[in-house]
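Participant: In our numbering, the protein residues as written are 911 to 1112. Virtual Cβ for every residue (Gly too), placed ideally from N, Cα, C. The structure displayed is predicted, hence computed values, not measured ones. Following this message is one structure expressed as structure tokens.
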Ligand code: HEM
């Protein structure tokens, strides 16, 4: 494609995708505004932001396999944005817990995170995401060179921790964690299979 046209298309699609990524937040704000968050609004907010954190994480991991399978290389240009939105929704998810659940009671938070394994793994995933978000700029990518790729491979264990965090707290119906776990297993499987075929070297 003509590079000029490609750049113009990108100028339109990037903001559109950015707006689409904000829609879950807009939808949640709308529900809150109309008082439709159910009997336990904090729980609803916590669950929905948790869901979107995991969805964005998995969506970010889908980009590379989708690009390879379709040959549509431009998909790669959206990976960073999706990854940052995953971090944004995890940040919101944590902020809801911090402000509405624990009211900034840091000793209680530490005790809770240590005592409840599902929170321990969720918190670990959140902490691991921070260096990835910090180093997501093009400047950091250049500065870190090959180490950047090594560091950003952390997104796989982070997604595993995210699914574990979800599975660990579910009381009866495991269908949600199984669905996300299944998608993640396929993405991990594809990556390992790709390694065998030498995608890395290429
Ligand atoms: C990468 C990091 C994380 C991901 C992907 C994630 C994802 C999720 C998901 C998918 C849910 C369940 C939503 C549902 O039931 O539909 C959830 C619930 C929850 N998460 Fe997270 N989470 C993460 C980090 C954290 C952190 C750092 C905290 C707080 C320290 C936290 C606290 C909670 C709480 C309190 C719930 C609700 C549990 C309940 O009501 O029983 N999460 N999270």
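Are the CB atoms of residue 966 and residue 935 nearer to each other than 8 Å?
Facilitator: No.
Participant: With DSSP run on the structure shown, which of helix, strand or coil describes residue 1085?
Facilitator: Looking at residue 1085 - three-state DSSP - the assignment turns out to be helix.
Participant: Are the beta-carbon atoms of residue 968 and residue 1071 separated by less than 8 Å?
Facilitator: Contact: no.
Participant: Tell me the DSSP secondary structure of residue 943 in three-state form.
Facilitator: Correct three-state label for residue 943: helix.
Participant: What residues in its chain sit with their C-beta under 8 Å from that of residue 1011, if we drop five residues either side in the sequence?
Facilitator: Contacts found: 952 and 956.
Participant: Return the first residue and the last residue of the alpha helix (DSSP H) that residue 1059 is part of.
Facilitator: Residue 1059 -> alpha helix (DSSP H) spans 1056–1062.
Participant: The ligand HEM and residue 1014: does the residue's C-beta get closer than 7 Å to at least one heavy atom of that ligand?
Facilitator: Flag unset: Cβ of residue 1014 not near the ligand HEM.
Participant: For residue 990, which three-state DSSP category applies?
Facilitator: Residue 990 falls in the helix class under three-state DSSP.
Participant: Going by the beta-carbon positions, is the gap between residue 1038 and residue 1068 smaller than 8 Å?
Facilitator: Closer than 8 Å, so yes.
Participant: Closest by CA to residue 1087, which one among 1028, 1043 and 1102?
Facilitator: Considering only alpha carbons, the answer is 1028.
Participant: Tell whether a beta-carbon distance below 8 Å holds between residue 959 and residue 989.
Facilitator: Result no, Cβ atoms of residue 959 and residue 989 do not sit closer than 8 Å.
Participant: What residue does the alpha helix (DSSP H) around residue 965 start on, and which one ends it?
Facilitator: Where residue 965 is concerned, the enclosing alpha helix (DSSP H) stretches over 951–980.
Participant: Using 10 angstroms around the beta-carbon of residue 999, count the other beta-carbons present and answer buried if the total reaches 16, otherwise exposed.
Facilitator: By the neighbour-count rule (16 or more Cβ atoms within 10 Å), residue 999 is buried.
Participant: Using a Cβ-based criterion (distance less than 7 Å to any ligand heavy atom), does residue 1091 qualify as near the ligand HEM?
Facilitator: No, the beta carbon of residue 1091 sits no closer than 7 Å to any heavy atom of the ligand HEM.
Participant: Can you tell me which of 920, 1032, 940 and 1089 puts its alpha carbon nearest to the alpha carbon of residue 983?
Facilitator: Selected option, being the one with the closest Cα: 920.
Participant: Have a look at residue 933 and residue 1009 and give me their C-alpha separation to the nearest angstrom.
Facilitator: Taking the straight line joining both Cα atoms gives about 23 Å.
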